[in-house]
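J.: Structure provided below as structure tokens; questions to follow.
In this note's numbering, the protein residues as written are -12 to 235.
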């Protein structure tokens, strides 16, 4: 198995892309720690599915916008499982809102969740990974961070920041045996996306070069590539499973 006896922390791991990544890693032999935000029923299901694969699992409800709560979660995960071999900064979420309606609270909520949380989660394990001389850090960005989005300016800006963070940190980390990369998914059929009006879904799908939306499993396959033996020559990369919606 590609990740036999590795330990992975996945933020936002109870459903959608995070759940798919956690399960893909568990199938390949990894023990999983994941967090969620008040998603108890799905978190229990995901934890049960991981345990059924014979892997150790721990989950917790954490508001990653609260840096003290984030630090506590990361410290607890490390105390239980040791310094992780893999960190997946997946938690996030965009809200459609015209930039003209910007408020300070909206700014804080979007930037804290989609940008700041990944930086501090990474910092919590970075020293341990460097001391060990190995580790993989995967930052889940978005294709909107590559091309922008008029009605999701803050989300797209935060995800562009995640890509910049990935490329910058990768230059320091690689010399210590730690590989940092990003994934920028395109339109993906998560529960959140499927709540978008059907007309908008159809318009998005019409732009793709394949006759379907992406799936969480498509993103998980990319994460498995970067986390496993096949990802050993990727440094500061941003892979974008997007059906051709963005070329870069």
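All C-beta atoms in this analysis are idealised placements derived from N, C-alpha and C, irrespective of residue type, glycine included.
Only a predicted model underlies this, so the values are computations on that prediction, with no experimental measurement involved.
CA-CA distance, residue 234 and residue 34?
T.: For residue 234 and residue 34, the distance between alpha carbons rounds to 36 angstroms.
J.: Find out if the Cβ-Cβ distance for the pair residue 77, residue -1 is shorter than 8 angstroms.
T.: The answer is yes: Cβ separation under 8 angstroms.
J.: Measure the alpha-carbon distance for residue 37 versus residue 179 and round it to whole angstroms.
T.: Roughly 23 angstroms separates the two Cα atoms.
J.: Assign residue 175 to one of two classes, buried (16 or more other C-beta atoms within 10 Å of its C-beta) or exposed (fewer than that).
T.: Buried: at least 16 other Cβ atoms inside 10 Å.
J.: Check whether the Cβ atoms of residue 143 and residue 135 sit closer than 8 angstroms, and answer yes or no.
T.: Closer than 8 angstroms, so yes.
J.: Given a threshold of 16 other Cβ atoms within 10 Å of its Cβ, counted over all protein chains shown, does residue 44 qualify as buried or as exposed?
T.: Buried: at least 16 other Cβ atoms inside 10 Å.
J.: Between -6, 105, 127 and 80, which lies nearest to residue 139 when the distance is taken from Cα to Cα?
T.: The residue with the shortest Cα to Cα distance from residue 139 is 80.
J.: I'd like the list of long-range same chain contacts for residue 194, defined as Cβ closer than 6 angstroms, with 5 residues on each side in sequence excluded.
T.: Around residue 194: 232.
J.: Based on DSSP bridge pairs, tell me the residues matched to residue 18.
T.: DSSP output for residue 18 lists -6 as bridge partner(s).
J.: Give the straight-line distance between the Cα atoms of residue 95 and residue 49, rounded to the nearest whole angstrom.
T.: So the alpha carbons of these two residues sit roughly 17 angstroms apart.
J.: Tell me, please, which residues DSSP counts as bridged to residue 265.
T.: Any property of residue 265 remains undetermined from this structure, which presents the chain solely from -12 to 235.
J.: Quick one: Cα of residue 228 to Cα of residue 75, how far?
T.: Going by the C-alpha atoms only, they are around 16 angstroms apart.
J.: Please state whether DSSP places residue 101 in a helix, a strand or coil.
T.: Helix at residue 101.
J.: Determine the DSSP secondary structure at residue 150, reduced to helix, strand or coil.
T.: Residue 150: helix per DSSP, three-state reduction.
J.: Quick test of your reading: residue -4 and residue 127, contact by CB under 8 angstroms. State the CB separation rounded to the nearest angstrom.
T.: About 13 angstroms separates the two Cβ atoms, so there is no contact after all.
J.: Tell me, please, which residues DSSP counts as bridged to residue 77.
T.: Partner(s): none; residue 77 has no beta bridge.
J.: Return the bridge partner residues of residue 169 from the DSSP annotation.
T.: Note: residue 169 sits in a beta bridge opposite 126 and 225.
J.: Determine the DSSP secondary structure at residue 209, reduced to helix, strand or coil.
T.: Helix.
J.: Rounded to whole angstroms, what's the CA-CA distance from residue 32 to residue 62? Just pull it up for me.
T.: Spanning the two alpha carbons is a distance of roughly 24 angstroms.
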